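Position 84 of the sequence shown, counted from 1, bears residue number 84 in the working numbering, the numbering being contiguous throughout.
Virtual Cβ for every residue (Gly too), placed ideally from N, Cα, C.
Computed from a predicted model, the values in this text were never measured in an experiment.
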Amino acid sequence: MSRDPKAKKVRQNTLVGKLKEDPFLTDEELADLLKVSVPTVRLDRLELGVPELRQRVREMASKNHNRVRALSAEDIIGEIVELNLGENAISVLDTTEQMVFTNSKVVRGHYIYSMAESIAIAVIDADVALVGVANIKYKHPVYAGSKLVARVTIREKRPKGRYIVWVMIYNKQVEVFRGKFLLVEI
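In structure tokens:
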């Protein structure tokens with residue numbers, strides 16, 4: 001155990017930096033990255049005033065749901081934690097046992113697709129938008145208990161209210177889904 005105050009300061013600065021890069025890191029993942037125990041991470045978070053993961057997600061989500069124009073809050077699969085209408089967004093989804101196939105315990109694809117579709121529509125700065133074409137790839141299986149992070153970017157704005165939108169979904173920073181959507185504003 002390190003009692004060096006300089007080492008502690010460096011570790012805490014690293015912790016803050018890692019959370020800026022990926023605010024969805026769990027205490028366990030932070031402990032692995034920092035090569036310290038989970039209680040050490042929790043004490044550091046407490047000293048720094050950094051809330052636990054659930055609270056961080058809740059705070060980010062509450063700021064963004066009301067800004068979505070194209071969907072109502074109950075139509076969004078996952079929680080939108082960052083939203084720049086007309087540009088990009090991030091959402092998270094905690095997968096559960098109710099979402100999996102019984103035999104394989106793999107999350108059903110329609111949950112992952114629905115997450116991607118809803119965040120793609122939500123980022124469009126329009127009253128109504130629909131998917132015209134979707135080109136998708138499921139890259140790795142997802143199991144119950146996984147925290148999925150979807151990152152969406154509007155790549156191109158075309159005439160007549162058409163948008164090319166890319167959605168990448170990650171589990172522990174590993175891409176599990178990729179989608180390219182042509183969205184149409186109506």
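| Asked | Found |
| --- | --- |
| Ile-112 beta carbon less than 7 Å from that of Phe-177 | yes |
| N- and C-terminal bounds of the beta strand (DSSP E) containing Ile-112 | Run containing Ile-112: none in the beta strand (DSSP E); it sits in the alpha helix (DSSP H), 109–122. |
| Selected residue, minimal CA-CA separation from Val-92, among Asp-127, Lys-8, Pro-5 and Ser-146 | Ser-146 |
| Counted within 10 angstroms of its Cβ, other Cβ atoms place Asn-135 as buried (16 or more) or exposed | exposed |
| Of the residues Ala-89, Asp-94 and Gln-12, the one placed nearest Asn-171, counting alpha carbons only | Asp-94 |
| Backbone secondary structure at Leu-93 - three-state DSSP | strand |
| Counterpart residues of Met-168 in DSSP-defined beta bridges | Arg-151 and Arg-178 |
| Beta-carbon spacing of Leu-130, Val-184 below 7 Å | yes |
| Ala-134 in three-state terms, based on DSSP | strand |
| Bridge partner(s) assigned by DSSP for Ala-129 | Glu-185 |
| Backbone secondary structure at Leu-85 - three-state DSSP | coil |
| Reduced DSSP secondary structure (H/G/I, E/B, other) of Val-100 | strand |
| Helix, strand or coil at Val-198 according to DSSP, with G and I counted as helix | Outside the modelled stretch of the chain, which goes from 1 to 186, sits residue 198, for which no answer is possible. |
| Beta-carbon spacing of Ala-150, Val-123 below 7 Å | no |
| For Gly-132, the nearest candidate out of Lys-157, Arg-155 and Tyr-163 (CA to CA) | Tyr-163 |
| N-terminal and C-terminal residue of the alpha helix (DSSP H) that Leu-30 is part of | 27–34 |
| DSSP beta-bridge partners of Glu-156 | Ile-164 |
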